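Q:
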Amino acid sequence: MQEVSRLRFDCPHCGSYMKVRTSKTHLPEYRELYLHCTNEFKCGYRCKGRVTLSETLAPSYRPNPSVNIKMSPWVMRKMHQEILESEGQIRLILDARKEAKK
Ligand SMILES: [Zn+2]
Numbered sequence: 057m058q059e060v061s062r063l064r065f066d067c068p069h070c071g072s073y074m075k076v077r078t079s080k081t082h083l084p085e086y087r088e089l090y091l092h093c094t095n096e097f098k099c100g101y102r103c104k105g106r107v108t109l110s111e112t113l114a115p116s117y118r119p120n121p122s123v124n125i126k127m128s129p130w131v132m133r134k135m136h137q138e139i140l141e142s143e144g145q146i147r148l149i150l151d152a153r154k155e156a157k158k
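Here it is as structure tokens:
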């Protein structure tokens with residue numbers, strides 16, 4: 057996957073680079089974008105878009121209780137697997153203790 061430090065859009069009409077301005081909303085997981093084509097005089101296209109933080113891929117170490125972004129199915133599977141693994145380890149420890157008591 058390519059790392060993108062700045063959101064980049066090309067103009068859908070002429071293919072030139074589009075400048076992006078974001079506006080803050082009251083929701084931390086949602087931004088409105090205002091884009092305008094840098095080919096200002098020959099094209100001049102402007103549009104509005106939006107960016108939403110839609111799925112959690114790795115939970116935060118400092119979670120904000122007011123943020124509620126759904127977990128991706130991949131994270132859910134991984135967490136479920138970790139629970140199963142820890143249950144398995146507990147079972148092994150308990151079995152080892154039972155063996156030791158015999
Ligand atoms: Zn354009």
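Numbered per our numbering, the sequence shown spans residues 57 to 158. Glycine residues also receive a C-beta, built at the ideal position from the N, C-alpha and C atoms. Every value quoted in this text rests on a predicted model; they were computed, and no experiment measured them.
(1) Give me the Cα-Cα distance between ARG62 and GLN145, rounded to the nearest whole angstrom.
(2) Taking its Cβ as the centre, do 16 or more other Cβ atoms sit within 10 Å of MET22, making it buried, or is it exposed?
(3) Consult DSSP for GLY144 and reduce its assignment to one of helix, strand or coil.
(4) Report whether the distance from the Cβ of CYS103 to the nearest heavy atom of ligand 1 is below 8 Å.
(5) Ignore the nearest five residues each way along the sequence and tell me which others in LYS98's own chain have a CB closer than 6 Å to its CB.
(6) In three-state terms, what does DSSP make of LEU150?
(7) Let me check understanding here. Comparing Cα to Cα, which of ASN120, PHE65, LYS126 lies closest to ARG102?
(8) Quick check: the segment 80 to 95 against the segment 105 to 113, are there 3 or more CB pairs under 8 Å?
A: To lay it out plainly:
(1) Rounded to the nearest angstrom, the two C-alpha atoms are 44 Å apart.
(2) In the structure as shown, the chain begins at 57 and stops at 158. Residue 22 is therefore absent and cannot be evaluated.
(3) In the structure shown, GLY144 sits in a helix (DSSP, three-state: H, G or I).
(4) Here the distance from the Cβ of CYS103 to the nearest heavy atom of ligand 1 is not below 8 Å.
(5) Here the set comprises nothing.
(6) Of the three classes helix, strand and coil, the one that applies to LEU150 here is helix, per DSSP.
(7) Ranking ASN120, PHE65, LYS126 by Cα distance to ARG102 puts PHE65 first.
(8) With a cut-off of 8 Å, the segment 105 to 113 and the segment 80 to 95 count as touching, because enough Cβ pairs lie within range.
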